[in-house]
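Each residue of the sequence shown is one higher than the one before, counting from 541 in the working numbering. This report refers to the structure that appears directly beneath it.
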Amino acid sequence: MTASPGFSAAPDAASRRMVELTTGSLVAIVTPMDLDGAIDFAAWDRLVDWHAASGSRALVIGGTTGESATLAESELCQLTERACARAHGQLGIIVGIGSSSTAATIERARALAALPIDALLVVTPAYNRPTQEGLYRHFAAVAEAATKPLVLYNVPSRTAVDMLPETTGRLSQLPGILAVKEAVPGAQRVREILAASRSGFGVLSGDDATAREAILAGARGVISVSANVAPKAMAQMVAAALRADAEQAARCDAPLRELHHALFLEANPIPVKWALAQLGRIGRGIRLPLTELSEVYRPRVLAALRSAEQID
């Protein structure tokens with residue numbers, strides 16, 4: 541395996557910067573839309589500014605929460621270019637590129653890496669359910685072709701395949717693979733990945749409800765849905781957990797607990813986009829086949845926003 545041409549595994553300044561940008565509260569940012577589904581770029585600019593001022597470490601653009609499945613590549617490029625122009629230097633910029641095809645993922649990696657971003661988020665291939673060896677070869681091929689470092693993304697509830705810690709550990713040895721977003725809940729999976737991986741490999745929680753315990757177990761931070769709504773509070777909770785201040789982290793997390801669960805009452809990003817619309821930060825647009833939050837769940841999301849002290 542040859543080194544990715546744009547990334548060195550050595551602990552140089554660029555590598556240290558990438559560790560910094562993947563340590564803390566990273567927001568899996570929504571894509572604001574008008575009711576007709578067109579992207580609301582003015583609202584996007586406001587969200588970027590808000591996160592830069594609220595303690596988020598990085599924007600993760602075009603992930604699950606950003607409706608990656610219905611974004612055109614040109615739209616993803618526009619969102620990324622605007623975020624880079626507006627906040628690069630204040631916020632890290634990580635862009636989702638995963639697909640179920642290795643060849644298509646490599647093409648997207650090459651295209652997006654031409655933008656002034658920091659890293660690429662690459663999800664496990666959905667639907668075709670590769671073996672662990674297939675997962676290893678998929679990510680290895682993308683890492684070899686890419687000119688920006690990769691953050692792997694394991695989310696078996698979405699993809700119907702679970703990348704096991706042993707496979708993540710193998711991949712951690714390859715140049716250009718920086719970290720993993722692990723959406724299997726809890727601390728035990730974090731411990732297993734760290735035990736299987738090279739020293740310095742990063743684990744980012746992909747589950748807000750258990751992010752605090754994951755960080756206390758050694759995760760570097762979280763790629764968060766809740767941070768869309770409460771970025772400052774999430775950043776404070778993560779900072780306390782990274783200091784190993786379990787009591788303070790628990791105090792910071794307590795008002796957010798209801799939010800962590802309410803934002804998954806229906807498929808993400810349905811609840812979080814509705815919540816942000818109630819806060820006046822975005823409009824109500826969402827793209828089919830996703831629909832606006834069902835009325836039966838709206839009182840629970842509003843109650844969670846009150847608990848998190850985001851509305852009166």
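All C-beta atoms in this analysis are idealised placements derived from N, C-alpha and C, irrespective of residue type, glycine included.
Buried or exposed (CB count within 10 angstroms, at least 16 for buried), residue i
| i | result |
| --- | --- |
| ALA627 | buried |
| GLY761 | buried |
| SER834 | exposed |
| ASP552 | exposed |
| SER712 | buried |
| ASN694 | buried |
| VAL836 | exposed |
| ASP852 | exposed |
| SER739 | exposed |
| LEU828 | exposed |
| ARG648 | buried |
| VAL819 | This sequence places Leu at residue 819; Val is not what is there. Answer is exposed; the Cβ neighbour count stays below 16. |
| PRO525 | Residue coverage of the chain in this structure runs from 541 to 852, which leaves residue 525 outside it and unanswerable. |
| THR671 | exposed |
| MET541 | Because MET541 sits at a pLDDT of 34, beneath the cut-off of 50, its placement in the model cannot be relied upon, and the following sentence gives the value as read from the coordinates. So MET541 ends up on the exposed side. |
| PRO696 | exposed |
| GLU607 | buried |
| ARG557 | exposed |
| ALA554 | exposed |
Whether residue i touches residue j by CB criterion (8 angstroms)
| i | j | result |
| --- | --- | --- |
| ALA751 | SER745 | yes |
| ALA749 | HIS800 | yes |
| THR664 | VAL701 | yes |
| LEU756 | ALA784 | yes |
| ALA683 | ILE717 | yes |
| LEU631 | SER594 | no |
| LEU538 | LEU660 | Within the shown structure, residues of the chain are numbered from 541 to 852, placing residue 538 beyond reach of any answer. |
| ARG821 | ARG586 | yes |
| SER565 | VAL778 | yes |
| ALA773 | LEU805 | no |
Whole-angstrom C-beta distance between residue j and residue i, which should lie under 8 angstroms
| i | j | result |
| --- | --- | --- |
| PRO771 | ILE733 | Contact flag wrong, Cβ pair sits at about 26 angstroms. |
| ILE579 | GLU613 | That pair is no contact at about 13 angstroms. |
| VAL567 | VAL600 | 7 angstroms |
| GLN850 | VAL769 | 6 angstroms |
| ALA754 | ALA727 | 5 angstroms |
Beta-bridge partners of residue i, as assigned by DSSP
| i | result |
| --- | --- |
| GLY761 | GLY564, LEU744 |
| GLU722 | ASN694, SER745 |
| ILE755 | Per DSSP, none; premise fails for ILE755. |
| ALA598 | LEU566, GLY632 |
| ILE579 | MET573 |
| ALA659 | ILE634 |
| ILE717 | LEU690 |
Nearest neighbour of residue i, chosen from the options [CA to CA]
| i | options | result |
| --- | --- | --- |
| ARG698 | VAL724, CYS624, ALA612, VAL812 | VAL724 |
| CYS617 | VAL695, HIS801, ILE633 | ILE633 |
| ARG840 | GLY825, PRO811, VAL691, ARG791 | PRO811 |
| LEU655 | PRO696, ILE569, THR687, ALA759 | THR687 |
| SER639 | LEU611, ALA578, ASP589 | LEU611 |
| ALA680 | LEU561, ASN768, GLY709 | GLY709 |
| ASP747 | ALA759, PHE741, SER739 | ALA759 |
| GLU832 | GLU647, MET573, CYS792 | MET573 |
| ALA666 | SER764, MET703, VAL720 | MET703 |
| THR855 | PHE741, ARG821, ALA844 | What is shown of the chain runs 541 to 852, which leaves residue 855 out entirely. |
| LEU652 | PHE581, GLU621, TYR676, ALA643 | GLU621 |
| GLU722 | ASN668, PHE804, ARG731 | ARG731 |
| LEU842 | ALA775, LEU830, TRP814 | TRP814 |
| PHE581 | GLY629, ALA848, GLY823 | GLY823 |
| SER641 | ALA625, ARG669, VAL635 | ARG669 |
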